[in-house]
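First the structure, in the form of structure tokens, and then the observations on it.
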Amino acid sequence: MGVVVITGGSRGIGASAAKQVALRGLGVILTYNTNPEAADTVVRCIEQAGGKAVALKLDVADVGSFGGFCESVVHVLRETWNLNALSGLVNNAGYGLFNPLPSISEAQFDGLFNVHLKGPFFLTQALLPLLEENASIVNLTSATVRVATAGVAPYAAFKGGLEVLTRYMAKEFGDRRIRANAVSPGAIRTELGGGLNDEFETLLAAQTALGRVGEPQDVARVIAMLLCEEGAWINAQTIEVAGGYNI
Ligand SMILES: NC(=O)c1ccc[n+]([C@@H]2O[C@H](COP(=O)([O-])OP(=O)(O)OC[C@H]3O[C@@H](n4cnc5c(N)ncnc54)[C@H](OP(=O)(O)O)[C@@H]3O)[C@@H](O)[C@H]2O)c1
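Position in the sequence shown (from 1) plus 10 gives the number in the working numbering.
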């Protein structure tokens, strides 16, 4: 049984991915930033279903903390699973910010950059020595890369950068048989950016060919597939999981 790290596993898509991955027999190290209670709830849920999970704190904007985080991962792998390598990494942690392009501040720009592009870049670099041969990396991007949605310009630009970075990861890690793919959700029912109200949900559902917004498990099942044997020949791809958003 392998073990994967899922950042932002305390809520939303990351929490659902942690549960889906555990259902497929993998161990999960999920991270939280500000919500240890929510992370504990996910861990308990996985344990009740017969799986194994551990929650660790991680701020993906704090690159200086990644060395210590890696040491914690090594410790947890050994103590909980008697292993010394990871079979996957999901760069999922993120937040939304709605602000039209003319009024975005430098601090807002930097905050989004640190979490959505710099963090995944250096966290992957830091964890790379721990990834085993045939490991799988999944980066969460966004359908806003493909469809310009007013008010999320820096977020979408950094997600676009993460899609490019995904291809470079696949290219440069291929010699170790490590795959890298991006999963690009459309509108999903989570607390991102303050979550959905009825009016916003109706609008987003109308923009989606299948006539509804997505649920976290719609995305989580695809993430889990990419981490398991079914996804073993998928590499360097962006898979949009959006029910046909703005097509
Ligand atoms: N929901 C959508 O419609 C949608 C669409 C496209 C793409 N996405 C992407 O999907 C991913 C997951 O989003 P979601 O909708 O599941 O969001 P969510 O429900 O708001 O959950 C966000 C998760 O990220 C963590 N997080 C936030 N900032 C962090 C930081 N600085 N360091 C570490 N962890 C941090 C949170 O941890 P704590 O709660 O512990 O602080 C939480 O676990 C994100 O990358 C998002 O951009 C979502």
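Note that the Cβ used here is the ideal one computed from N, Cα and C, for glycine as well.
Exercise. Which residues in the same chain as asparagine 45 place their Cβ atom closer than 6 Å to its Cβ, once the five residues preceding and following it in sequence are excluded?
Worked result: Ser20
Problem set entry | Extent of the continuous alpha helix (DSSP H) run through aspartate 56 | Going by the sequence as given, residue 56 is isoleucine instead of aspartate. 46-58 is the extent of the alpha helix (DSSP H) around isoleucine 56.
For this session: Kindly list the residues whose CB is nearer than 6 Å to the CB of arginine 34, restricted to its own chain and excluding five residues on each side of it in sequence; keep chain order.
Result: Excluding residues within five positions, the ones whose Cβ falls inside 6 Å are Ala234 and Cys238.
For this session: Output the distance between the C-alpha atoms of glutamate 142 and alanine 27, rounded to the nearest integer angstrom.
Result: 20 Å
Exercise. Can you name, in chain order, every residue of its own chain whose Cβ lies under 7 Å from the Cβ of alanine 219, other than the five neighbours on each side?
Worked result: Gly253, Gly254 and Ile257
Exercise. Which one of Val64, Val73 and Pro110 has the shortest CA to CA distance from arginine 88?
Worked result: Val64
Exercise. Whole-angstrom Cβ separation of valine 13 and leucine 96, contact assumed at under 8 Å?
Worked result: 6 Å
For this session: Give me the Cβ distance between phenylalanine 132 and phenylalanine 76, rounded to the nearest whole Å; I'm assuming they're in contact under 8 Å.
Result: 6 Å
For this session: Quick one: using the 10 Å Cβ neighbour count with 16 as the cut-off for buried, is leucine 115 buried or exposed?
Result: The sequence shown places serine at residue 115, not leucine. It is exposed - the Cβ of serine 115 has fewer than 16 other Cβ atoms within 10 Å.
For this session: Given a cut-off of 8 Å, decide if leucine 150 and glycine 104 are closer than it, judged by their beta-carbon atoms.
Result: Cβ atoms of glycine 104 and leucine 150: closer than 8 Å.
For this session: Flag this pair as yes or no: are the beta carbons of alanine 153 and glycine 196 separated by less than 8 Å?
Result: yes
Exercise. Are glycine 258 and proline 226 closer than 8 Å when you measure CB to CB?
Worked result: The shown model of the chain, from 11 to 257, leaves out residue 258, and the question about it has no answer.
For this session: Report the residue ranges of all alpha helix (DSSP H) runs contained in full by the segment 196-249; include only those spanning at least 4 residues, in chain order.
Result: Counting only runs of 4 or more, we get 208-216 and 226-237.
For this session: Pull up the distance between the alpha-carbon of glutamate 81 and that of methionine 11, whole angstroms please.
Result: 21 Å
For this session: Indicate whether glycine 224 and valine 193 have their beta-carbon atoms separated by less than 8 Å.
Result: no
Problem set entry | Outcome for proline 139 when other beta-carbon atoms lying within 10 angstroms are tallied against a minimum of 16 | Taking a 10 Å sphere around the C-beta of proline 139, we find fewer than 16 other C-beta atoms and assign the residue as exposed.
Exercise. Closest to glycine 61 by CA distance: which of Asn207, Val52, Ala117 and Gly121 is it?
Worked result: Val52
Exercise. Closer than 8 Å, CB to CB, is glycine 19 near chain D or not?
Worked result: Any reference to chain D falls outside this structure, which holds one protein chain only.
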